[in-house]
Every structure is written in structure tokens, then in C-alpha cells.
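**Q** Counting from 14, one number per residue, gives the positions in the sequence shown under the working numbering. Dropping the structure in here first, questions after.
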Amino acid sequence: VRRYEMLNRPVVLAGACENWRATEHWKSRDYLLKQTKDLTFRATSGTAPFAAQFTMESYLDYCESDERLLEEAPLYLFDRSALLDDNNGPLRRDYYPDLQESCPYFDPTAGQHDLFRLLGNDQRRPDHTWLIVGPKRSGSSFHIDPNATHAWNATIVGRKRWIFYPPGRTPPGIFPSPDGDDVAMPISVGEWLTKYWDEHRQNMMESNTDMKPLECTAQAGDIVFVPHGWWHSVINLDGPYNIAITHNYVSRSNLSNVLRFLKTKQSQISGCRDRPQTAVQPERLYDVFRTALLDTHPQWAKEAEAVHDWTCPTWKDNQQRGDTTTSNNTPGKRSNKNKWRNGKKRKQQPQDYENNSILSKVKR
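This is the structure in C-alpha cells:
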């Protein structure tokens, strides 16, 4: 926490989930189909006009089909309800007890982690936990995680290639509006790689390490910590399918920025607008969350509110992003409103790479 979360730096926790039951069981198609019988999951892509619901069987059939190889932007299963605590379904039982054992800090019930739990049950808070499944070449285009949250992403099946751009530096080919409400970008990860890879490689030669992009490959069994305010993109490397679990959270380290975001950027709050009957809505989220904080962690709330400016340069009160590092090439095709959104405990031993463009790995 001190070396990475408090400094807002990404890191790979190597082998952190390698002994989870999910890491072994979910490699089996038959097992997945048995555990998800009669369930449907949400999938979409950059070229799809709207999301669709799939059974796990039909989606895995798609992942294994030859037709999928011809698609520029493969369908990506990104489901927000399959792993919720309220459901306690079979897939959740395959990982949650092991998460509590191997990564107790990431346990949402631990108290000091995942402060949005103070809002109440899963239905009252913004979307936060996702099951992610995708074929080879699928992935997520560049984005900043929603509501100024941190995230962890557990690679369960397959490998993922990550690209990170630090706060204050926008990736080439990504064009956010000055207020951050809209972003224009290539329609798929593949299009970005085709058009902007050379420019990205030049950026990797940046001498200022604070502004240098980072890359890593997460192996099955690794967990990636994604700090708030970092642009990142992910591409799945293996077939026929890749599976991950991701969870967004608020902790003491990003609390001041989350409170400021909820108070000053209500138009960008996401993950609750389509659930008006159950979720706390954007216009009330700051007040409800602040009240819960004052009741349970009054000192943390006071400390966070004593910070009078953003501590992460991704956001600015004057709505002038001041970012001069964006690409000069033609903007991409897509503009999305409120796109901000996918074992045994062992002593951690830092294992930093000589090439500082590669994320540090901490062995579990």
C-alpha cells in the first residue's frame, strides 16, 4: 500500500490469485457452463450499436468461432451483476473466500478498504465488480476508471497486455473534451494499435519517468493494481477465451479526490444512472457518502476535506486540463458521453525490472 497505492503507481502482484479455485476451475468450459446454467451475461463492443445478453454457452461458442477472427472489435463480455455479494452465486463462491485469504486488503468487507460499501448494499452504490470474458484480440480501449476510483484486476484465465499513461498525459489518438465529459478515440484497440503504435513507442522513450507510459503482461494468477486517474488499455492475448475479475474501490489514499469528484463533476458520475429505483443518484451521492463517512470514519473525512485541491492532475477545477502531450493526428471515430467507467499468503518480495517502462512486479 505504501509503495504503490499511496504513491498512485500501478503494480503487478505476481501470483496473487494463482491458488484461487476460479483460476483452476474456470479453464474448463464444461465447468463454466454447469455453474452458469440459466444465467445471461452482458456483452458489447466498440462497433455494436447496443449491448446484448448472452448465455455463457452462446458466448463461448462465439469466442471459438472462425467468424470472430474477421471482426475488428470482438464482442467483450463485461457483466456487472454476476459476482455481486447480494447474489452470492456459484462464480462468486469460486473466488471470494480465496480473495479474503490471499489478498485481505482487497477484501471489500475489511473495513478500511472499499469505502463505497458505506452506502449500503451492492444495489445502492455505483457499479463496482465485473466479470470480464473475451476472445483473443478483444479488450478495452483507453479509459480512466469511473468516479476517481482505484481498481484491482485479477487475471483468471489467459494473459492480458496492459498499457498505462500517467495522470496528466493523454495517450496518442485519445481526445478528451476540456471538461472531460466526452472523449473521441479509435473505435477499437486494434485500430489504435495500427494508427498510433509508432507514436506510443516514441513516448516510451520519455526521459521523465513521472510522465513515461508503462506496459506489462499479466499472466493467469496475477493481479494488477490500477491507480485512479491513469489512462489504461488492455488487450487479451490468448484463446479461445480470457477471463478476469475487476473491482473498483475508494480507500483512504484516493478519498479526497473521490469526494471532490462527486461534489464538482456530477455530470461524469457513472454506474448508477440506469438504476434510479435502487442506486444513490449523482445529485445525492456526495452528500450521502460524506454523511456515512462522518458517521464511521470522521477523522478520515475531515482529513480528506482539508485537502483543498486535486492531488491527481487528471482533474482540474477550472476545467482546463492543460495537457500538451496529446497526439496531433486526426481524432478517432468514437465520442462517448460519460465513458468513464471494464492461495496461500506468502511474504511479498519486490522484484523491480531494470527497464523502468515495465511495471514493477511484487511476488506473492
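Glycine included, C-beta positions come from ideal geometry on N, C-alpha and C.
#1: Write down every uninterrupted run of the beta strand (DSSP E) in the region 192-240 whose length is 3 residues or greater and which is fully enclosed by it, in chain order.
#2: Give me the Cα-Cα distance between residue 18 and residue 260, rounded to the nearest whole angstrom.
#3: Within its chain, find whatever has a CB closer than 7 Å to the CB of residue 42; leave out the 5 residues flanking it on each side and keep chain order.
#4: What first and last residue would you give for the alpha helix (DSSP H) that runs through residue 66?
#5: If I'm right that residue 129 touches residue 44 with Cβ under 8 Å, what's the distance once you round it to whole angstroms?
#6: Please list the terminal residues of the continuous alpha helix (DSSP H) segment that includes residue 34.
#7: Exposed or buried, what is residue 107 when buried is set at 16 or more other beta-carbons lying within 10 Å of its beta-carbon?
#8: Where do the N-terminal and C-terminal ends of the beta strand (DSSP E) with residue 25 fall, by residue?
#9: Roughly how many angstroms lie between the CA atoms of residue 134 and residue 279, to the nearest whole one?
#10: Given this structure, state the Cα-to-Cα distance separating residue 58 from residue 231, to the nearest angstrom.
#11: Which residue comes first and which comes last in the beta strand (DSSP E) that contains residue 164?
#12: Starting from residue 2, trace the beta strand (DSSP E) both ways and give me its first and last residue.
#13: Tell me the rounded alpha-carbon separation between residue 152 and residue 146.
#14: Report back the beta-carbon spacing between residue 313 and residue 265 to the nearest angstrom; my notes put them in contact at under 8 Å.
#15: So the candidates are 170, 237, 299; which of them puts its Cα closest to the Cα of residue 22?
#16: Closest by CA to residue 234, which one among 219, 30, 228, 14?
#17: Using only the alpha-carbon positions, how far apart do residue 166 and residue 239 sit?
#18: Figure out for me which residue from 40, 68, 330 has the closest Cα to the Cα of residue 53.
**A** In short:
#1: 195-198, 227-231, 236-239
#2: 15 Å
#3: For residue 42, where only same-chain residues beyond five positions count, the Cβ hits under 7 Å are 73.
#4: For residue 66, no alpha helix (DSSP H) segment is defined; the enclosing uninterrupted segment is the beta strand (DSSP E) at 65-68.
#5: Not a contact, Cβ separation roughly 31 Å.
#6: 34-38
#7: Counting Cβ neighbours within 10 Å, residue 107 comes out buried, since at least 16 surround it.
#8: 24-27
#9: 22 Å
#10: 22 Å
#11: 163-170
#12: Residue 2 falls outside the range modelled here, since the chain spans only 14 to 377, and no answer is possible.
#13: 9 Å
#14: 6 Å
#15: Closest by alpha carbon: 237.
#16: 30
#17: 8 Å
#18: 68
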